[in-house]
Structure formats: C-alpha cells, structure tokens
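In full-length UniProt numbering, the protein residues as written are 1 to 159. Read the structure below first, then the notes.
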C-alpha cells in the first residue's frame, strides 16, 4: 500500500494492480502444489516462484523462497535483484549484486543489467556508473541494453 500511495501522490496510475492480485492468487495455488508434489527442489520452478512473488509486490515471500531453495543459479540471483528493484529497494538490490560477486556466483550479463536497472530506477547514479565501469574494466561483452541503461542512468542523473 505504501507504494500505491506514493504512486498516487506522484500522479502515477497502476492499472495492472488488480491483475497482480489475480496472479498472486493463482501463483500461491501453484506454489502450494509445487510444495505438495515435492518439486520445490527444481531450481526452475523455484526461480518462477521468486519472479512471480516479486512481480506481485511480495518481496518477503520471494526472499523466503530464495533462502529455502536447495540450489540457486544466476536466474535465482537475477530475480532477487529485480525483486528488490521492483519493490523500490535499490540499495538492497546492489547488496544482492555484491553478494553475487562476494560468493563467486556465476553471474551473467543479465545480472549486471538487473543491478544497473536497480541503480537507474533508485537514483543510485554513482553506483550504477561504477558497476558499468567495472564491467568495462573486466572486459565483459556488454550489449546495447547495457549502454542504453547507462544513457538512461546518466539522463536521470542529469550528468
């Protein structure tokens, strides 16, 4: 609700809010079936659950599923980074990205893009620039979406 109220104050309309609640209802039912079927150890299903809860604004549930997954891949981490971004928690998204690096998780270019997007939409201009420059220093093969993210980041920062 806090995000809904903030969006109203900023004049932002959220038409798909009802759809998110329907998705949450169906997603919760599927989540229950996954657990009852003993399929929770499937990382792909776990990743889908993380993403679904994030998109429905249920970051706490996403984090719980992430913590309980017996195995995680880069998609798991990317979904968690994106979930923090969606919830307006840019600093936490960057912390998750830092954890990826700290624990030598096999990150991919989507991980970088998720972190860059989180910086972009959270006003973390310097942090986003540092992520981008670090990727350049490490000679990562950045795509057009990374450069577009940097341009958007700089545009938001008026640099």
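Each residue gets a CB set at the ideal place from its N, CA and C atoms; glycine is no exception. These numbers were taken from a predicted model, which means no experiment stands behind them.
Check	Outcome
Taking all protein chains shown into account, decide if residue 115 is buried (16 or more other Cβ within 10 angstroms of its Cβ) or exposed.	buried
Do residue 80 and residue 43 come within 9 angstroms of each other at the CB atom, strictly closer than that value?	no
Relative to the C-alpha of residue 151, which residue among 120, 134 and 52 is closest?	120
Residue 54: which of 145, 143 and 87 sits nearest, CA to CA?	87
CB-CB under 7 angstroms to residue 51, same chain, minus the five flanking residues each way: which ones, in chain order?	79
Find the nearest neighbour of residue 111 within the set 126, 156 and 143, judged by alpha-carbon distance.	143
Considering Cα atoms alone, identify which of 123, 58, 40 and 157 is closest to residue 94.	123
Let me confirm a value: residue 155 is counted as buried when at least 16 other C-beta atoms fall within 10 Å, else exposed. Which label applies?	exposed
Grab me the residues of residue 59's own chain with a C-beta within less than 6 angstroms of its C-beta, minus the 5 sequence neighbours each way, in chain order.	83 and 87
Spatial neighbours of residue 49 within its chain, please: CB distance less than 6 angstroms, with the 5 preceding and 5 following residues excluded, ordered by chain position.	31 and 65
Assuming residue 54 is part of the alpha helix (DSSP H), what are its boundary residues?	43 to 55
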